[in-house]
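Following: one structure in structure tokens, then a few remarks.
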Amino acid sequence: MTREDPLDCAPEENQHPLDFQSPIVEKRKRPVVHPSAPAPLPKDYAFTFFDPNDPACQEILFDPQTTIPELFAIIRQWVPQVQHKIDVIGSEILKRGCHVNDRDG
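Just so we're aligned: 148 in my numbering is position 91 of the sequence shown, and the numbers increase by one with no gaps anywhere.
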């Protein structure tokens, strides 16, 4: 192996890690604390917790009108059904514009 001469490297390779520019444009620089909200449940639902495997709950989960605070409330229930679908719920939260540093109130 030979060591490359820094002058022979392409400009992208010479950049310092701090010079990296994300391809995603950040709309805001500060995290948001989302207000607390109750977990949404379907009408006439037999269970007292949100089950992401239930078709009626999936309708709520994938509905764009379901808010970020409501999705955080679903996660707060932390039952096994929610734990197994945390990736899906997290993706839905991010789709609604939640920043990775935002918090649940």
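Note that the Cβ used here is the ideal one computed from N, Cα and C, for glycine as well.
With a Cβ-Cβ cutoff of 7 Å, do residue i and residue j count as a contact?
i, j, result
"I125", "I143", "no"
"P97", "E127", "yes"
"P22", "D159", "Residue 22 lies beyond the residue range present for the chain, which begins at 58 and ends at 162; the question has no answer from this structure."
Residues in the same chain with beta-carbon distance under 6 Å from residue i, minus the five sequence neighbours each way, listed in chain order, please.
i, result
"G162", "V90, H91, P92, S93"
"A136", "The amino acid occupying residue 136 in the given sequence is Val; Ala does not appear at that position. Closer than 6 Å at the Cβ level, and outside the excluded window around V136, lie F106."
"C155", "I125"
Buried or exposed: where does residue i fall if 16 or more other Cβ atoms within 10 Å of its Cβ makes it buried?
i, result
"F107", "buried"
"V139", "buried"
"P95", "exposed"
"F129", "buried"
Could you pull out every residue in the same chain whose Cβ sits closer than 8 Å to the Cβ of residue i, ignoring the five residues on either side in sequence?
i, result
"V157", "L151"
"V145", "P109, L118"
"R133", "A96, D161"
"A103", "none"
Which same chain residues, not among the five before or five after residue i, have their C-beta less than 7 Å away from its C-beta?
i, result
"R153", "I125"
"P123", "The displayed chain sequence assigns Thr, not Pro, to residue 123. Once the five neighbours on either side are set aside, the close Cβ partners of T123 are P97, I117."
"I131", "A96, F107, V139, I146"
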